[in-house]
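A.B. asks:
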């Protein structure tokens with residue numbers, strides 16, 4: 005797994021621990037290349053499956069995990085680890101279970117999840 009981290013604003017925290025992603029990939033037996041990019045605000049969690057291309061002759065997943073205000077970090081991480089990562093692993097596993105010549109596996113695929121913000125939380 006390749007990991008990149010962007011700079012984020014003060015008072016923000018990433019929604020995903022890299023170690024949680026590594027554990028989920030290991031538990032789901034996903035051995036395809038995964039590029040995890042921790043990004044700033046505006047993104048919660050999204051992922052793309054990219055089939056082989058002339059410039060990159062292998063399958064890979066590109067995942068972006070964003071940040072939230074620090075007071076929401078614990079709740080966001082719990083949501084990512086209990087709901088989003090299992091859904092992502094299922095989505096990835098279903099793609100990889102297809103035959104290599106499947107139209108789905110030969111095309112770009114996307115996965116997106118947002119954060120269900122609790123309106124009563126401080127600072128919301």
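Numbering (the working numbering), first residue to last: 5 to 128. Cβ atoms here follow ideal geometry from the backbone N, Cα and C, with glycine treated the same way.
Can you list, in chain order, the residues of its chain whose CB lies under 8 Å from that of residue 120, leaving out five sequence neighbours each side?
C.D. replies: Here residue 120 is taken as the residue at index 116 of the chain shown, counted from 1. Correct list, in chain order: 83.
A.B. asks: Can you give the Cα-Cα distance for residue 115 and residue 87, rounded to whole angstroms?
C.D. replies: The count along the chain shown starts at 1 and reaches residue 115 at position 111. The count along the chain shown starts at 1 and reaches residue 87 at position 83. In a straight line, the C-alpha of residue 115 is about 13 Å away from that of residue 87.
A.B. asks: Could you check where the beta strand (DSSP E) with residue 58 kicks off and where it finishes?
C.D. replies: Taking the chain shown and counting its residues from 1, one reaches residue 58 at position 54. Element bounds for residue 58: n/a, residue is neither H nor E.
A.B. asks: Given that a residue counts as buried once 16 or more other Cβ atoms are within 10 Å of its Cβ, and exposed if not, what is residue 19?
C.D. replies: One-based indexing of the chain shown puts residue 19 at position 15. It counts as buried.
A.B. asks: Going by DSSP, which residues form a beta bridge with residue 17?
C.D. replies: As a first step, residue 17 must be located in the chain shown, where it is residue number 13. Its beta-bridge partners are 72.
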